[in-house]
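Going by full-length UniProt numbering, the letters in the sequence shown line up with residues 1 to 360, in that order. All remarks here apply to the structure that follows.
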Amino acid sequence: MATRLFLRGAISKRTVLFPPFLRSSLSSSRNGSTLVVAEHENGAIKSPSLSALLAAASLPDNDSSVSLLLAGSGPSLHQAASHAASSHPSFSQVLVADSEAFKNPLAEPWAKLVHLVQQRGGYSHIIAASSSFGKNVMPRVAALLDVSPVTDVTAISDSHTFVRPIYAGNALSTVRYTGASPCILTIRSTSFPVSQKSVDSKSDKATISQVDLSTFNEDLDKSRFVSQTSRDDEGPDLGSARVVVTGGRALKSAEKFKLIEDLAKKLGAAVGATRAAVDAGYVANDLQIGQTGKIVAPELYLAFGVSGAIQHLAGMRDSKVIVAVNNDADAPIFQVADYGLVGDLFEVIPELLEKLPEKK
Ligand SMILES: Cc1cc2nc3c(=O)[nH]c(=O)nc-3n(C[C@H](O)[C@H](O)[C@H](O)COP(=O)(O)OP(=O)(O)OC[C@H]3O[C@@H](n4cnc5c(N)ncnc54)[C@H](O)[C@@H]3O)c2cc1C
């Protein structure tokens, strides 16, 4: 794999991702077809998987076809397949694998399934979102197929040239995939945002086909599903929320972190946290944003008592508008903030709670 680096200016968030002159000189066509490995929930395709679909559609080849692979069991799977079939104009086929083996998101059977589908379909590209699920499954698929995956792709230059962040997002690396087919990608959904327009652009229905699982060997020796827990609050999903309110170590305790939760509720926002806040036990670790947490790029990111460590910035610097409240005027977060307030969060948040209107 050839690598080229474009260094961003020190923690600047307004950076050209890829020089336009290079983009045109590298463009090439391909012959092939793409498989998108999709996640679904409550009878609908999850938003990060729609982003993967957009990424697949942006691969430069008008003749190629895009298929979507869905697996699971029960009525919600078939509902999701039906939703997928008419939800986007860019793909032609929905492949449905209906089996108890895929009821839970266990990586081993899923990887085997993708391997099986690849052996039959001979796709040139396999794409999934860089979600916890995608990060778990796709490297296993790559190992089964003996190829090297290109992960965390943020831009597609041509069918085999991709941009991905390195060094906690401080540099962008352009990589050219020179390995054997298929080219396996995970994409950052925040870099392929799903607009309402792209969701609404209904297509002719793609065909829905069942995957023949008669030769599928369901060997679950190595892992076993134990349980899955989810928070039962009604807030939006952190990965796709339009507004995120994040609290840092400065909140001091789980009890006081409720200030962040109250503000998020009032704004209809998702709650985020720094690793320091998570490590201190204020909130669960699925709220962590950053290099080792979730990557978000909401319309509005509000950071309270967050210093702006490089590892945190790696997860939120692409937010459209960043607002920071910190009592230290020299805190690094102010270098990426569009609006900054030097003040005590324990005074600012109660005032905001008092003055902001209730969300209708
Ligand atoms: C390998 C690795 C991976 C990491 N991954 C992540 C990651 O994914 N996400 C992440 O967040 N971190 C990550 N970290 C940790 C990161 O380096 C920082 O330690 C962490 O982000 C700091 O969190 P913080 O901003 O909440 O705390 P601090 O750095 O302690 O900052 C607290 C801030 O609050 C301000 N403050 C204090 N009191 C008040 C007040 N009353 N009102 C207003 N402001 C106040 C202070 O001025 C300070 O700026 C990682 C570190 C490593 C080494």
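We treat Cβ as the ideally placed atom computed from N, Cα and C, and that holds for glycine.
heavy atom of ligand 1 below 8 Å from residue i C-beta
| i | result |
| --- | --- |
| H115 | no |
| A171 | no |
| G179 | no |
| N217 | no |
| R317 | no |
| F346 | yes |
| H312 | yes |
| G305 | yes |
| D328 | yes |
| G239 | no |
| Q210 | no |
| R224 | no |
| R188 | no |
| I166 | no |
| I289 | yes |
| T174 | no |
| A297 | no |
| V325 | yes |
| R249 | yes |
| A84 | no |
| I333 | yes |
| A254 | no |
| A277 | yes |
Reduced DSSP category for residue i - H, G, I as helix; E, B as strand; rest coil
| i | result |
| --- | --- |
| D318 | coil |
| I310 | helix |
| D237 | coil |
| E41 | strand |
| G268 | coil |
| L70 | strand |
| A155 | strand |
| F257 | helix |
| L251 | helix |
| A303 | strand |
| Q273 | The identity of residue 273 in the sequence shown is Ala, whereas the question assumes Gln. Here A273 sits in strand by DSSP. |
| V245 | strand |
| F6 | Only weak support exists for where F6 lies, its pLDDT of 35 falling under 50; the coordinates are left without a value. |
| I333 | helix |
| M1 | Here M1 scores only 49 on pLDDT, less than 50, and its place in the model should not be relied on; the value that follows carries that caveat. Reduced to three states, the DSSP call for M1 is coil. |
| V150 | strand |
| S28 | With a pLDDT of 40 at S28, under the threshold of 50, the modelled position of that residue is not reliable, and no figure is offered here. |
| F21 | The predicted position of F21 is uncertain, since its pLDDT is 30 and thus under 50; a value taken from the coordinates is nonetheless stated next. In this structure, F21 counts as helix in the three-state DSSP scheme. |
| V278 | helix |
| L213 | coil |
| G328 | Correcting the residue type first, residue 328 is Asp in the shown sequence and not Gly. D328 falls in the coil class under three-state DSSP. |
CB contact flag (residue i, residue j, <9 Å)
| i | j | result |
| --- | --- | --- |
| F334 | V245 | no |
| L113 | F216 | yes |
| G247 | S131 | no |
| L144 | S223 | no |
| V296 | M316 | yes |
| L69 | L77 | no |
| A277 | A168 | no |
| V66 | A97 | no |
| F192 | A329 | no |
| A111 | D146 | no |
| A129 | F91 | no |
| L267 | I349 | no |
| V163 | T151 | no |
| Q93 | A206 | yes |
| G293 | A270 | no |
| S253 | Y282 | yes |
| I126 | A84 | no |
| A337 | I322 | yes |
Residue i - containing alpha helix (DSSP H), residue span
| i | result |
| --- | --- |
| S87 | 75-87 |
| V283 | First-last for V283: undefined, no H or E at that position. |
| A57 | 47-57 |
Endpoints, beta strand (DSSP E) assigned at residue i
| i | result |
| --- | --- |
| V36 | 33-37 |
| residue 384 | Absent from the model: residue 384. The displayed extent of the chain is 1 to 360, so no value can be given. |
| F225 | Note, F225: premise wrong, no beta strand (DSSP E); not H, not E. |
| V117 | It is not in any beta strand (DSSP E) - V117 instead sits in the alpha helix (DSSP H) that spans 107-121. |
| F192 | Premise fails: F192 is in no beta strand (DSSP E) and is neither H nor E. |
| residue 364 | Nothing about residue 364 can be read from this structure; the chain reaches only from 1 to 360. |
| A129 | 125-129 |
| L185 | 183-187 |
Cross-strand partners of residue i (DSSP beta bridge)
| i | result |
| --- | --- |
| Y339 | V323 |
| R164 | S173 |
| residue 363 | Residue 363 falls outside the range modelled here, since the chain spans only 1 to 360, and no answer is possible. |
| D98 | G72 |
| K103 | According to DSSP, K103 bridges with nothing at all. |
| I289 | K294 |
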